[in-house]
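Just so it is clear: in the sequence shown, position 285 is 575 by the numbering used here, and no numbers are missing.
The block underneath contains the structure these notes are about, expressed in structure tokens.
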Amino acid sequence: MALKFYNTLTKRLEEFYTINPGEVRMYTCGPTVYDYAHIGNFRTYIFEDLLRRYLKYKGFRVVQVMNITDVDDKTIRRSREEGVSLEDYTSRYTEAFFEDIDTLRIEHAEFYPRATEHIDDMVALIQKLIKNGYAYQLQGSWYYDVSKFKEYGKLSGVKLDELKPGARVSADEYTKDEVHDFALWKAYTPDDGDVFWETALGRGRPGWHIECSAMSTRYLGNHFDIHTGGVDNIFPHHENEIAQSEAATGEKFVNFWLHSAYLIVEGEKMSKSKGNFYTLRDILKRGYDPVIVRYLLLSSHYRQQLNFTFSGLDAAKSALSRIWDFIDNLKRIESNLSHNPEVDTIIEAASSGFITSLDDDLNISGALGVLFDFIRGINRLISSDSLGRDDARLVLEKLSDFNRVLDIFPQGSEPLEDWVLEMIKKRDRARKSRDWETADRIRDEL
């Protein structure tokens with residue numbers, strides 16, 4: 291089965307392809323560092339981590355860019371409320387973000403550009419839009435003329451004919467009921483305090499949407515493979531990114547758009563006023579291991595709404611305990627039984643099922659089902675004293691192979707080194723071709 295993803299742009303499941311053979315260039319909308327990231331944010335980041343890891347598992351070279359939004363309406367307002375500089379304020383939460391993703395075992399992207407470090411790129415992109423006739427100035431600010439981009443709405447489904455003539459919006463975030471021209475560059479106002487840049491566009495600061503267009507094309511080129519985010523990013527943010535980028539470059543912006551569904555808490559929308567708003571740190575203070583949080587956020591399909599509950603965390607803990615106990619049991623096996631051919635059958639079925647599931651739009655529920663079927667099959671052999679030490683090592687190797695994608699095993703059971711994994715693949719190929727001499731030699735080397 292070929293690798294397929296549901297593409298928000300085309301509204302259908304599509305076979306994945308890349309612009310450059312063997313390479314995936316991917317942009318993921320990162321945090322706005324005005325506060326600690328909440329568990330809804332991490333639901334999206336863990337989906338993106340699964341995507342990245344599986345693409346690598348499939349043999350792709352991944353170049354991932356995740357932006358850090360360190361200047362926007364919220365960061366300016368919060369920093370002024372605290373009476374600290376924008377840089378000091380956002381640095382605090384940027385550092386916390388990296389601590390949190392490390393805690394959740396989220397692999398780092400290749401690039402983490404900060405918006406404040408790419409103002410020149412944003413100005414240059416806006417100047418292209420002005421030159422191409424897509425932007426206009428009003429009272430010192432520059433706006434994108436949505437009516438000029440005839441494909442506006444192709445991602446989100448909003449109708450261009452619902453645009454109110456002359457209507458514009460300066461706020462970074464707004465709803466589908468407010469299809470307006472939007473701000474590219476915001477003229478300075480006293481509410482901005484000391485946050486402004488003197489540029490050819492005038493004194494001011496960028497709008498939120500231009501930030502991602504400028505940084506994504508700076509690092510990945512005008513046309514790249516995948517753009518991800520939460521469903522809340524589809525409109526207006528991602529819709530506006532497309533409009534800006536394609537109007538400036540004349541090229542298609544992104545081939546595949548992937549979006550994760552909302553996370554709710556105990557059946558309700560997460561809200562501080564309801565008392566069900568949780569950061570990762572809030573959850574860890576209750577005594578939960580971070581990998582339990584990772585497992586829960588990972589374990590449901592990214593396009594399905596996830597109901598986060600504490601009973602769900604407890605169930606995740608029980609599921610992980612089954613896996614970890616299984617690993618411990620395998621490590622204790624010391625008998626020198628000869629190779630059991632049924633082990634090969636179970637491993638091959640698990641390998642095939644794992645890949646088939648994840649090839650189907652990252653069907654993680656299916657992949658985890660395969661993992662537990664694998665455990666049940668091997669436990670049956672253990673119970674009947676039909677699994678020797680060498681076969682237990684084969685099983686551990688396969689688990690380590692799966693963990694390259696999942697990263698849910700105890701620390702100390704991390705994936706094997708790349709050269710070991712390559713040797714395992716060679717041995718698997720030798721077995722399939724019935725080259726037992728080569729397979730045995732590689733086993734001995736391992």
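Glycine is no exception: its CB is placed at the ideal position from the N, C-alpha and C atoms.
This structure is a prediction, so every number in the text was calculated from the model and none was measured.
Closest in C-alpha terms to E488, from the list D481, V413 and V469, comes V413. In the DSSP assignment, G519 is bridged to H549.
Apart from the 5 residues on each side of it in sequence, D649 sits with its Cβ closer than 8 Å to the Cβ of M291, A292, L293 and K294 in its chain, given in chain order. Annotation for N297: the continuous beta strand (DSSP E) segment containing it runs K294 to N297. Contact check for S431 against A504 fails: the beta carbons are separated by 9 Å or more. With respect to the 9 Å criterion, G312 and F350 are classified as neighbours on the basis of their beta carbons. Remark: C-beta atoms of G557 and T599 approach each other more closely than 9 Å. Residue range L596 to F598 is occupied by the beta strand (DSSP E) that includes F598, with no alpha helix (DSSP H) assigned at that position. According to the DSSP secondary-structure assignment, N310 is paired through a beta bridge with E313. Note that the C-beta distance between R342 and A386 is not below 9 Å. An exposed status is given to N422, since fewer than 16 other beta-carbon atoms sit within 10 Å of its beta-carbon. The criterion of a C-beta distance shorter than 9 Å is satisfied by L671 and N630. DSSP places Y426 in the uninterrupted beta strand (DSSP E) bounded by A425 to L428.
The stretch 565-573 makes no contact with the stretch 355-365; the number of CB pairs closer than 8 Å stays below 3. Counting only residues of its own chain and dropping the five nearest sequence neighbours on each side, E372 has a CB closer than 8 Å to the CB of Y379. When secondary structure is reduced to three states using DSSP, E400 falls in the coil class, being assigned neither helix nor strand. Residue pairing by DSSP places T569 opposite H328 in a beta bridge.
Short of 7 Å from the beta carbon of T322, and not among the five residues preceding or following it, lie these beta carbons of its own chain, in chain order: T359, D362, K364 and T365. Residue state for Q354 is assigned as strand, using DSSP reduced to three classes.
It is roughly 59 Å from the alpha-carbon of I636 to the alpha-carbon of R495.
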